[in-house]
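Data block below; observations after.
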Amino acid sequence: MSLKALIFDVDGTLANTERDGHLKAFNLAFKEFNLDWVWSNEMYYHLLDVTGGKLRIKYYLKKYNPEFSHDDLENLVNSIHALKTKKYVHLINNGIVPLRTGVKRLFLEAKKAGLRLAIATTTTPDNVNALIKNTLGDEAIGFFEVIAAGDCVKNLKPAGDVYQFVLDKMQLKNNEVIAFEDSKNGIVSANSVGINSVITINQYTQHHIFNGAMVVLDNLGEPNKDFKIIKGDKTKHTFLSVDYLQELYARYC
Ligand code: XBP
Ligand code: MG
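Position 27 of the sequence shown, counted from 1, bears residue number 41 in our numbering, the numbering being contiguous throughout.
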């Protein structure tokens, strides 16, 4: 067995999209629907327990706004979410969210080393396209052999469906890939189909417990910008290179 592919989560892993992208877009959509719902950053920490924007809106109503009623809630949620996606894409097209440290470098290094790349995310396909195109250029969509996003599977993370979907499409086994995640829901999803993960934490996930992670980092690092190991073995490496990934793979996969 050898390492053949890297599978990347998007939100919180490739870029810190939640606060300046998704949260902003949800609130803009609520306003345009003349709803008095305002999600604070503090509330959003809890709302992020549920992946997928449509399910998150329903979770909000149940937890924070139970008295709200509507004849056709399903339809309303879908319409709000469609507008939220438009707002999000607009924000991303304005270049509001950069890629996280080391992400672009790792994509290029991995491609050069012959590793196959894929995406496994709960967010909507339009959102992934917008982020990739605006941060890496139009042609970068072609970096990824499979982009598994949103409702392409029945059960969203923390279920393992999206990772299994990618494995099936790429005709790979779970011990031939490494996942990149930022959250508990993400690592539980990868773990549940037997995929090992590298974690990069962010403001919304630094308190999460990452059982089974090969390593937990503050970010992927760069040759001139060392990462910090939050959890994991000491290493001579100072940034997440393909060499370091091969070492992690030999040890854990
Ligand atoms: C990301 C999500 C997404 C986004 C919102 O989780 O949960 O729902 O927050 O996107 P992960 P949509 O990084 O674990 O994939 O509104 O398009 O669902
Ligand atoms: Mg994520």
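Beta carbons are placed, not taken as given, at the ideal position from N, Cα and C, and that holds for glycine.
| Item | Value |
| --- | --- |
| In chain order, each alpha helix (DSSP H) run of at least 4 residues that lies wholly inside the segment 168-234 | 175-184, 198-205 |
| Three CB pairs or more closer than 8 Å across the segment 33-50 and the segment 97-111 | yes |
| Below 6 Å from a heavy atom of the ligand MG - residues by beta-carbon | D23, D25, G26, T27, D196, S197, G200 |
| Distance CB(E195)-CB(S206) smaller than 7 Å | no |
| Local Cβ density within 10 Å of M15, reported as buried at 16 or more and exposed below that | exposed |
| Euclidean distance between Cα positions of K171 and A204 | 9 Å |
| According to DSSP, residues forming a beta bridge with D25 | A29 |
| Range covered by the alpha helix (DSSP H) that runs through E159 | Per DSSP, E159 belongs to no alpha helix (DSSP H); it is in the beta strand (DSSP E), 158-162. |
| Buried versus exposed call for D247 [16 or more other C-beta atoms within 10 Å across all chains shown] | exposed |
| Endpoints, alpha helix (DSSP H) assigned at I243 | Not the alpha helix (DSSP H): I243 falls in the beta strand (DSSP E), residues 243-245. |
| Any non-hydrogen atom of the ligand XBP within 6 Å of G67 CB | yes |
| C-beta contact flag for R114 and A29 at 7 Å | yes |
| Own chain partners of T149 with C-beta closer than 6 Å, once the 5 adjacent residues on each side are dropped | L113 |
| From A227, M57, P237, residue whose alpha carbon lies closest to that of R33 | M57 |
| Near the ligand XBP: K239 beta-carbon under 6 Å from a heavy atom | no |
| For R130, the three-state DSSP class (helix, strand or coil) | strand |
| Three CB pairs or more closer than 8 Å across the segment 179-193 and the segment 138-152 | no |
| L113, DSSP secondary structure in three states | strand |
| The segment 155-164 touching the segment 131-138, judged by at least three CB pairs closer than 8 Å | yes |
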